[in-house]
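Chains as they are written, first to last, in this note's numbering: chain A, 1 to 253; chain B, 254 to 561.
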């Protein structure tokens, strides 16, 4: 294990984060506040409590997940796509590093950023609503696991993408619909019959459900099913990354 | 001398079907400067990329310092520094950080004093806090070299180091190369500038269409392949070469004021002495003699022509 390599990759990615700290932290705070004003205060005041939780509080886990997932994917995909695009990836390929050191460095940094952003949104939420956290340790663990697995997913997209247009494609066409339809702002139980069945095929539903459970102690789907879904998704991403580096797909000619 | 880089039957066929390398065999000796000479698209960069791990070989093997570059990639790459042909740098990183990053990537503990030495050697110390995007093209190329040297490699690959570089930087680079050689670093450079190979290489390899045509000691190559020309200046201009001298295949110089005799230095008899005797017998008065050695460029062009 080449620890210095992981350390410098991680530090460089965090330095990039620091350079863009305003964009990285302020924009999620602003957009979260807007969601609270619109959904929490304006519309939320006319929506009855969901499972005994005020609507303003109910959307907090969904908002955190929405931002954490999109930020993880965009940060991690950009982080690896940029060197590929400008060619500086030659250094990673010719250095005595294996995919483990590269992935831990890049994905680790992207995940840490996402966790920080998630926590900032959580703090912002406290300005607007009273928020119980039933299982704080589970909440943090889920935040960390989500950040990690979607950073991994973003890393794959960054390698897969042939240009910056493709880099935007998956988040826009796949991720955003999955997140919005995944119960970020409503409980799956609110859906009419057939849609509820369809929603069960959306992996984000499982994630959202267990994350909301960590706040309000109620879940749409069994906790075990959620944990299994997260494990399968993370495992798949890990397998794909391992395969990419084994075969050199889209990184080594 | 033992070889530090061993290339055996290395073949690379790109997905497009283009055969960039065709069963290349090459032994690179420790401590030497080897110049790989070839036209654009000859396979120089592919060869370097395959050794450094950027391109996956289709077949064949490469070992560096006795370590296979695929199976034992960590040990092999520890020894290697690579200066790529294109300027591929993170634009917003500072020079010092960029070089420190490279050092870390190669598993070395941070060593600001060492990085400072490398930067000073390349006249980059004043620019250590500049962002790379703010540097001139020549400075960026120096940064690439500094990054390659950040982990004190034993084998340094320079891919087209002089492409688009001004004279000053080229001279600086040659002196850095000379320093590294003095420290025992093996240097492999690709170039299509023959003067560069001529100026700094110990051995020259000629590569074309993915095949190594020859690898030879530079001086021996020039001796073996080299032809010399003897120019004899005449007191009275000639209109045609006299019949008696037809055997020598002489050429007339400008305005017939000289004759030029091409001879092979490797042949037993160069024919110079008899030529001079015969010139006198023909009644020609000589005013001066000069000889010229053909350059690597002539040799190179000759080799490529032979191939066609």
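Don't be surprised by glycine CBs; every beta carbon is placed ideally from N, CA and C. Predicted model only: the values in this text are computed from it and were never measured.
Item	Value
Applying the criterion that 16 or more other CB atoms from any shown protein chain within 10 Å of the CB defines a buried residue, is residue 228 of chain A buried or exposed?	exposed
Relative to the C-alpha of residue 174 of chain A, which residue among A:70, A:164, A:246 is closest?	A:70
May I ask you to report which of helix, strand or coil DSSP gives residue 166 of chain A?	helix
Under a Cβ-count criterion, where at least 16 other Cβ atoms within 10 Å of its own Cβ denotes burial, should residue 403 of chain B be classed as buried or exposed?	buried
Since I believe residue 543 of chain B is in contact with residue 484 of chain B (beta carbons under 8 Å), could you give me their beta-carbon distance rounded to a whole number of angstroms?	5 Å
Taking only the alpha-carbon atoms, compute the straight-line gap between residue 323 of chain B and residue 525 of chain B and give it to the nearest angstrom.	55 Å
Does any C-beta atom of chain A lie closer than 8 Å to the C-beta of residue 408 of chain B?	no
Taking only beta-carbon atoms, is residue 13 of chain A less than 8 Å away from chain B?	no
Is the CB of residue 369 of chain B under 8 Å away from at least one CB in chain A?	no
Residues of the region 316 to 332 of chain B with a CB closer than 7 Å to any CB of chain A: list them in chain order, please.	326, 327, 330, 331
For a contact meaning CB atoms closer than 9 Å, what does residue 87 of chain A contact in chain B?	337, 339, 340, 341, 342
For residue 316 of chain B, which residues does DSSP report across the bridge?	B:259, B:321
Measure the Cβ-Cβ separation of residue 412 of chain B and residue 298 of chain B and say whether it is below 8 Å.	yes
Does any residue of chain B bring its CB to less than 8 Å from the CB of residue 91 of chain A?	yes
With 9 Å as the limit, tell me which residues of the region 497 to 508 of chain B have their beta carbon closer than that to any beta carbon of chain A; keep them in chain order.	none
Hey, how far is the Cα of residue 511 of chain B from the Cα of residue 374 of chain B?	50 Å
Are the beta-carbon atoms of residue 73 of chain A and residue 157 of chain A separated by less than 8 Å?	yes
Determine the chain B residues that contact residue 7 of chain A at a beta-carbon separation under 8 Å, and present them in chain order.	357
Using the beta-carbon of each residue, which ones in chain B are nearer than 9 Å to residue 19 of chain A?	345
Alpha helix (DSSP H) containing residue 84 of chain A: first to last residue?	55 to 86
Within 10 angstroms of the Cβ of residue 521 of chain B, are there 16 or more other Cβ atoms? Answer buried if so, exposed if not.	exposed
Please compile the residues from chain A whose C-beta is within a distance smaller than 8 Å of the C-beta of residue 473 of chain B.	Simply none; closest approach about 32 Å.
If you measure between the beta carbons of residue 13 of chain A and residue 79 of chain A, is that distance less than 8 Å?	yes
What is the rounded straight-line gap between the Cα of residue 316 of chain B and the Cα of residue 307 of chain B?	15 Å
Counting pairs of Cβ atoms below 8 Å between the region 260 to 279 of chain B and the region 451 to 471 of chain B, do you hit three or more?	yes
In three-state DSSP terms, what is residue 35 of chain A?	helix
Between which two residues does the alpha helix (DSSP H) harbouring residue 10 of chain A extend?	3 to 19
With a CB to CB cut of under 7 Å and the five nearest residues on each side skipped, what residues in its chain are close to residue 128 of chain A?	36, 40, 56
Is there a Cβ of chain B sitting closer than 8 Å to that of residue 252 of chain A, yes or no?	yes
My output table needs one value for residue 511 of chain B: the three-state DSSP class, helix, strand or coil.	strand
Contact criterion: CB-CB distance below 8 Å. Does residue 441 of chain B meet it with respect to chain A?	no
Mind pulling the beta strand (DSSP E) runs of 3 or more residues that sit fully within the region 258 to 311 of chain B?	272 to 282, 286 to 290
Under the three-state reduction of DSSP, which class applies to residue 458 of chain B: helix, strand or coil?	strand
Can you check the region 497 to 551 of chain B for any beta strand (DSSP E) of at least 3 residues that lies completely inside it and give the ranges in chain order?	511 to 517, 539 to 546
For the region 280 to 310 of chain B, list every residue whose C-beta sits within 8 Å of some C-beta in chain A, in sequence order.	302, 305, 306, 307, 308, 309
My assumption, with CB atoms under 8 Å, is that residue 304 of chain B sits in contact with residue 258 of chain B. Please give the rounded CB distance.	7 Å
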